[in-house]
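Residue numbers (the working numbering): -5 to 453. Just so it is clear, CB atoms sit at the ideal spot from N, CA and C, and this is done for glycine as well. Please read these numbers as outputs of a predicted model, since none were measured by experiment. Shown next, in structure tokens, is the structure this report addresses.
Dropping the structure here:
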């Protein structure tokens, strides 16, 4: 314990709530920035060096990439919930057993997805109605990424267990190093070696692998509380079942969101490659803009999990109100920024001067920005529900999102074209937020905390 305490851990169980959440969230924010650089630098360099067609190919491959990233993040976060609860309850034996179970589940899922994508990847791109002129490039890019799915899962598991004990700083350090490496390799493989879009994928995989190695070495040397022994892998059927349910629940939830994006991409793919390219650039900018909120989601996940394990339900209530207020301020700032500079930002990301592309991308950002506060409410509340052991209610919101996007692709996009794409998610978010807020704040544990009731969770 003493070794981990010396290395950038944040105490989320005691003291000021918002300050500790912010201390935890800041490194996560910068981690998100550098992690997003993996894919965004691919987009920027491909757009500038290879042109709009290759940029559209990256966009067409993005739903597959996001599906994998979403599941990897969800699985890692779900498994780390039990680890964080164990840490909050002070049970170090359970903590090590939860890490051992995470490794077993992560390895099994990585192997399964790698084999599945070898068979289903190209048909899936065809199912998305990827245009013939870009499907070859899109496949060459994402086939490399999916071949090394295990690398992606390994990083998210390692970062997840470190964050579960309050250490969000060291994953940031590893990502900074590997992201700089990724940028250098992008230029080398794409512009230097002439590997085209495939070179961007190779650079991403190599950089991710470096971050995994750095994480593992650090855990072995400096976070020994997380290192399981052989006996911890015999964790018992109940723990395997609980962690599999928690991990798959959150992974499935993220996958439903990504599946909805893939379905929405079907509608976008029918609008021409310039629209695809403009939307791709706008979505990359959107991911960067949402990173302050994404960081708070991670803080909510760890804070609520640890305090739920410790039975400190009143701290959870206060933490959620702090997170909501934080998101309101961030959403206002982002809305002002995008209303003023959206076209210039799309031009910088895409490297294109095509008017149709720039206009579509800017219009998407300006319309969606005012709804970011609602999205923040959705993500924080959904994560908190998972952290207190609710596995089904968060998934219901993701199912609502999935079916909403199916409805837009089938009915509204053919009629209203790109304008329907723009309003699709904001409209759906308004329905989702009602279900999630009711599910969380009417939960017996959360309502009871108002009167001082404690959780008696085993974790």
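Counting along the chain, residue 103 sits inside the alpha helix (DSSP H) bounded by residues 86 to 121.
Rounded to whole angstroms, residue 421 and residue 344 show a C-alpha spacing of 27 Å. Listed in chain order, the non-local C-beta contacts of residue 263 below 8 Å within the same chain comprise 54, 122, 123, 124, 125, 270, local neighbours out to five positions each way being set aside. By the neighbour-count criterion, in which 16 or more other beta carbons inside 10 Å mark a residue as buried, residue 180 falls on the buried side. Burial check for residue 419: the Cβ neighbour count within 10 Å reaches 16 or more, so the residue is buried. In this chain, the alpha helix (DSSP H) harbouring residue 387 covers 387 to 401. Taking 8 Å as the cut-off, the beta carbon of residue 268 is found closer than this to the beta carbon of residue 350.
DSSP places residue 70 inside the alpha helix (DSSP H), whose first and last residues are 46 to 83. Collapsing the DSSP output to three states places residue 176 in a helix. Taking a contact as a CB-CB distance under 8 Å, the pair residue 379 and residue 371 does not count as one, their CB atoms being some 12 Å apart. When rounded, the separation of the alpha-carbon atoms in residue 90 and residue 295 is 19 Å. The count of Cβ pairs closer than 8 Å, one atom from the region 316 to 327 and one from the region 284 to 292, reaches three, so the stretches are in contact. The alpha carbon of residue 377 has as its nearest neighbour, out of 259, 131, 243, the alpha carbon of 243. Assignment of residue 411 by DSSP, reduced to helix, strand and coil, places it in the coil class. Look at residue 3 here: in three-state DSSP terms it is strand.
Residue 111 and residue 58 have their C-alpha atoms roughly 10 Å apart.
The secondary-structure analysis by DSSP pairs residue 437 with nothing; it has no beta-bridge partner. In the three-state reduction of the DSSP assignment, residue 161 falls in the strand class.
Between residue 441 and residue 258 the beta-carbon gap is near 36 Å, outside 8 Å, which marks them as no contact. DSSP, read as helix, strand or coil, puts residue 124 in coil. Distances from the CA of residue 26 to each of 81, 426, 284 were compared; the closest alpha carbon is that of 284. Burial is judged here by how many other beta carbons sit within 10 angstroms of a residue's own beta carbon; residue 127 has fewer than 16 and is exposed. C-alpha of residue 217 to C-alpha of residue 298: approximately 22 Å in a straight line. Shortest Cα-Cα distance from residue 306 to any of 279, 409, 103, 83 involves 83. When the Cα atoms are used, residue 86 and residue 80 turn out to be separated by approximately 7 Å. Cβ contact annotation for residue 5 (same chain, cutoff 8 Å, sequence separation greater than five): 14, 160, in chain order. Around the Cβ of residue 232, a 10 Å sphere holds fewer than 16 other Cβ atoms; the residue is exposed. For residue 339, the enclosing alpha helix (DSSP H) stretches over residues 307 to 344. At a Cβ-Cβ threshold of 8 Å, residue 48 and residue 131 count as neighbours. One thing to note: residue 73 has its Cβ within 8 Å of the Cβ of residue 241. For the pair of segments examined, the region 220 to 229 was found not to touch the region 100 to 107: the number of CB pairs separated by less than 8 Å stays below three.
In summary, residue 316 is buried, with 16 or more beta-carbon neighbours lying within 10 Å of its beta-carbon over all protein chains present. DSSP, reduced to helix, strand and coil, places residue 130 within a helical segment of the structure shown. Our two residues, residue 392 and residue 423, have alpha carbons roughly 10 Å apart in a direct line. DSSP places residue 210 in the uninterrupted alpha helix (DSSP H) bounded by 191 to 216. DSSP, read as helix, strand or coil, puts residue 185 in helix.
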